[in-house]
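Taking it in order: structure first as structure tokens, then the write-up.
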Amino acid sequence: MSDHRAVPGTVYLVDVQHISHSKHTDDGDIVLVPMPTDDPEDPLNWSRRRKLLSVTCMAVYMVMVGLSCSLVYSIIVPVAEDTGLSVADLNAGTGYSYLAFGWSCLIWQPAAKQFGKRPIYLISLLLTIGVTIAVPFALSPGAWMAMKILGGLAGGPLECLGEISIADVFCAHERGKFMAIYAFVLFAAGFLAPILAGFINDGMGWRWAQYWATIWLAIGFVFCFFFMEETNFKRTSVLVTEETQNEMKSKTIASDEANRMDDTKGESVQTTTQNDLSNGTVTWRRKTYLQKLKLFNNVQPVHHFWSMVLRPLRLLSYPVIVYCGFSYGCSLIWYSVLNGTASVVLSSPPYNFSAVRSYVGLTYISPMIGVGIGSLIAGNFGDVVVIWLARRNKGIWHSEYRQWLNIIMAVLLPGSLLLWGLGAEHGIHWVGLVFAMGLIGCCIAMGAHLSLSYCIDTYTDFGADAVVATMCIRNTMGFAIGYGITPWTEDLGYQNAFLIAAAAGLLQVLTFLIMVKWGPQIRERSTDRYRRDVDRATDLGITH
């Protein structure tokens, strides 16, 4: 049973007084949270190269699926002209895909815990290939909506598995920089797709943008099949007391020799430690390359599957999760607002980029750069900030620490929305609009990173389910804006619409002050209930 005194989202991260007996980093006083086991196949114990390969495979999956679902943004106008579909129909289809992306996680996430993340990633790639082949033949509003919904259902793991795969492999003190990679890849793929689609449309027509996506997905499938490893690993709760950690440590078989072994060797190796020699019972076995290729590893009993499906919905009663979903949903809204208006604005006078379609796509280089900068701020710089704040707090780390970076967003987001909307209304030089796109991209990446990090850092034991609950809120909000963005801007005009958007964006970002002020108390009040939920799930064998 886990400790009911431990507050979720509060951990002893920096051993400033050197009193903790928990495992530390090799070169400092950072406590490893969660504490790795001594099993060399524990993903937290993998070599640096093995961890980076895992992140690379996750990124390859995200790029391929992300490209396939975002190709239409810069070619909305030519697609509408060729198919007879309206711009409103195309944007509404995007909204439906967001809805499917989010709510399909209720199935994908339990399936990943039941059967492993590796097979789910591979199945998702295959299903998305089928959708991209069919999209060029969707020439009616109903068929277009159906294809977008199917694409969202097939690509659901894009929303809910990447961040958990990172949490499987990295401890809390270094998770931020890799969550930054996740946020960058997620949104950069969405901004890279319109660039590629513009050139493909110029040379081959919009349908070939989908056919190229099929080719990219097939390449991604082959790469992930041969190099992606399973990261599921059953470990105990990360929120136990130090006494419990010490007890666990004393009972765990040392395996230093195994941890130093080269994980790239192709033959199965048994590692025997000094404790093994004394009791003759415990050995660690390293996986061979062929064992790593197995599609299913450590499959869990299926009789609790529907309990896992429903559990994210129960987590919607936790205020922190609701806040994370709302905050992340707002980031998706600004992403949708940009994508839903960029092609129309830049294809119209005075810009007339429609004369050369690829010019609209090229403008997406700016938000790609912005996403990279935002990811670095929230990730790498954020890690420095939270460790610095933890040192000031006698080593105690609160999951709200990273939220202070929202101060940067409070300045950039409303400013960028005003520049985009008012600039489009008054026909400013296109450089101003492109600069606004970059600022919006920066804010989108920061908002996504800060929301997901807060969610996972607070409820690590329920990380997978908490992310699904967050995605359900986020993508429902994305559906709403995708359905309404065209009539909203047409009825109000760009100036009035984006004046409202800037004010709403500022108010939304400033809600972080509520969580910084009262978040620790909210988490503390939920401790007993949270630990009961964790223990109940542990007894059923369905924790993350």
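Going by the working numbering, the first residue of the sequence shown is number 24, and it counts up by one from there. All C-beta atoms in this analysis are idealised placements derived from N, C-alpha and C, irrespective of residue type, glycine included.
Starting from Cys205, follow the alpha helix (DSSP H) in both directions and report where the run begins and ends.
Here residue 205 corresponds to residue number 182 of the sequence shown, with the count starting at 1. Sequence check: residue 205 is Tyr here, not Cys. Annotation for Tyr205: the continuous alpha helix (DSSP H) segment containing it runs Ala195 to Met227.
Just to confirm before moving on: does the CB-CB distance between Gly446 and Leu436 stay below 8 Å?
Within the sequence shown, the letter at position 423 stands for residue 446. Within the sequence shown, the letter at position 413 stands for residue 436. Going by beta carbons, Gly446 and Leu436 fall outside the 8 Å limit.
Can you tell me whether His449 is helix, strand or coil according to DSSP? The residue given as residue 449 occupies position 426 in the sequence shown. For His449, the secondary structure class from DSSP, reduced to helix, strand or coil, is helix.
For the beta strand (DSSP E) holding Thr33, just list the boundary residues, first then last. Numbered from its first residue, the sequence shown carries residue 33 at position 10. According to the DSSP assignment, Thr33 belongs to the beta strand (DSSP E) that extends over Thr33 to Tyr35.
Could you tell me the boundaries of the beta strand (DSSP E) in which Ala511 lies?
By one-based count along the sequence shown, residue 511 stands at place 488. Reading the sequence as shown, one finds Trp at residue 511 and not Ala. For Trp511, there is no enclosing beta strand (DSSP E); the enclosing alpha helix (DSSP H) covers residues Gly486 to Leu533.
| In this structure, does DSSP put Val434 in helix, strand or coil? | On the sequence shown, position 411 is the one that residue 434 refers to. Val434 falls in the helix class under three-state DSSP.
> Three-state secondary structure (DSSP) at Val360?
Replying inline: Position 337 of the sequence shown, counted from the first residue, corresponds to residue 360. Helix, per DSSP.
Quiz item: Run through DSSP, which three-state label would Arg71 get?
Solution: By 1-based counting over the sequence shown, the position of residue 71 is 48. Residue state for Arg71 is assigned as helix, using DSSP reduced to three classes.
Q. Apart from the five residues just before and just after Asn320, which ones in its own chain have a Cβ nearer than 7 Å to its Cβ?
A. Working through the sequence shown from its first residue, we reach residue 320 at position 297. Cβ within range, chain order: Gly139 and Glu253.
Query raised in the report: Using the C-alpha atoms, what's the distance from Lys171 back to Tyr553?
Result: Counted from its first residue, the sequence shown places residue 553 at position 530. Counted from its first residue, the sequence shown places residue 171 at position 148. If you take the alpha carbons of Tyr553 and Lys171, they lie about 37 Å apart.
Query - Spatial distance of Arg548 from Ser340 (CA atoms) - result: On the sequence shown, residue 548 is found 525 positions in, with the first residue counted as 1. On the sequence shown, residue 340 is found 317 positions in, with the first residue counted as 1. Cα-Cα distance, rounded: 13 Å.
Exercise. Write down the C-beta distance between Met391 and Phe214 rounded to the nearest angstrom, noting that I regard them as a contact closer than 8 Å.
Key: As a working mapping, residue 391 is identified with position 368 in the sequence shown. As a working mapping, residue 214 is identified with position 191 in the sequence shown. Confirmed, Cβ separation roughly 4 Å.
_Using the three-state DSSP reduction, which class does Arg309 fall into: helix, strand or coil?_
As a first step, residue 309 is located in the sequence shown; it is residue number 286 there, counting from the start. DSSP places Arg309 in coil when its eight states are reduced to three.
(message) Could you compute how far the alpha carbon of Pro66 sits from the alpha carbon of Pro59?
(response) As a working note, residue 66 is residue 43 in the sequence shown. As a working note, residue 59 is residue 36 in the sequence shown. If you take the alpha carbons of Pro66 and Pro59, they lie about 8 Å apart.
Euclidean distance between Cα positions of Leu209 and Ile467: Residue mapping note: residue 209 aligns to position 186 of the sequence shown, counting from 1. Residue mapping note: residue 467 aligns to position 444 of the sequence shown, counting from 1. Within the model, the alpha-carbon separation for Leu209 versus Ile467 is close to 11 Å.
Task: Where Val54 sits in the DSSP three-state scheme - done: Start at 1 with the first residue of the sequence shown, and residue 54 comes out as number 31. In the structure shown, Val54 sits in a strand (DSSP, three-state: E or B).
Margin query: Is it the case that the segment 86-103 contacts the segment 216-226, given that we only count it when at least three CB pairs across the two stretches are under 8 Å?
Written below: Enough Cβ pairs lie closer than 8 Å, so yes.
*Within the chosen definition, does the segment 79-88 reach the segment 458-478 through at least 3 CB pairs nearer than 8 Å?*
Taking 8 Å as the limit for Cβ pairs, the verdict is that the segment 458-478 does not touch the segment 79-88.
Check: If you draw a straight line from the alpha carbon of Thr294 to that of Asp61, how long is it in whole angstroms?
Finding: Translated into positions along the sequence shown, residue 294 becomes position 271. Translated into positions along the sequence shown, residue 61 becomes position 38. Low local confidence applies: a pLDDT of 41 at Thr294 is under 50, so the model's placement there is unreliable, with the coordinate-based value given in what follows. If I take the Cα positions, the gap works out to 11 Å.
- prompt: Ends of the alpha helix (DSSP H) at Ile99?
  reply: Mapped onto the sequence shown, residue 99 falls at position 76. Note, Ile99: alpha helix (DSSP H), Ile99 to Thr106.
**Asked** Whole-angstrom Cβ separation of Gln137 and Asp488, contact assumed at under 8 Å?
**Response** The count along the sequence shown starts at 1 and reaches residue 137 at position 114. The count along the sequence shown starts at 1 and reaches residue 488 at position 465. Not a contact, Cβ separation roughly 13 Å.
Query raised in the report: Ends of the beta strand (DSSP E) at Trp420?
Result: The residue given as residue 420 occupies position 397 in the sequence shown. Counting along the chain, the beta strand (DSSP E) containing Trp420 begins and ends at Ile419 to His421.
- Do Ser370 and Val383 come within 8 Å of each other at the CB atom, strictly closer than that value? Mapped onto the sequence shown, residue 383 falls at position 360. Mapped onto the sequence shown, residue 370 falls at position 347. Annotated as proximal: Val383 and Ser370, with beta-carbon spacing under 8 Å.
Once you ignore the five residues that flank Tyr35 on each side, which residues in its own chain have a CB closer than 7 Å to its CB? Sequence index remark: in the sequence shown, residue 35 carries index 12 (1-based). Ser43, Val54, Gly418 and Ile419.
At a threshold of 7 Å, does Ser422 count as lining the ligand PLP (C-beta to nearest heavy atom)? No copy of the ligand PLP occurs in the structure displayed, which carries no ligand at all.
**Prompt:** Candidates Met538, Asp105, Ala527 and Gly116: which alpha carbon is nearest Cys347's?
**Reply:** Reading the sequence shown from its first residue, position 324 is the one you call residue 347. It is Met538 whose Cα lies nearest to the Cα of Cys347.
For this session: Using 10 angstroms around the beta-carbon of Gly153, count the other beta-carbons present and answer buried if the total reaches 16, otherwise exposed.
Result: Along the sequence shown, read from residue 1 onward, the residue named residue 153 stands at position 130. Answer is exposed; the Cβ neighbour count stays below 16.
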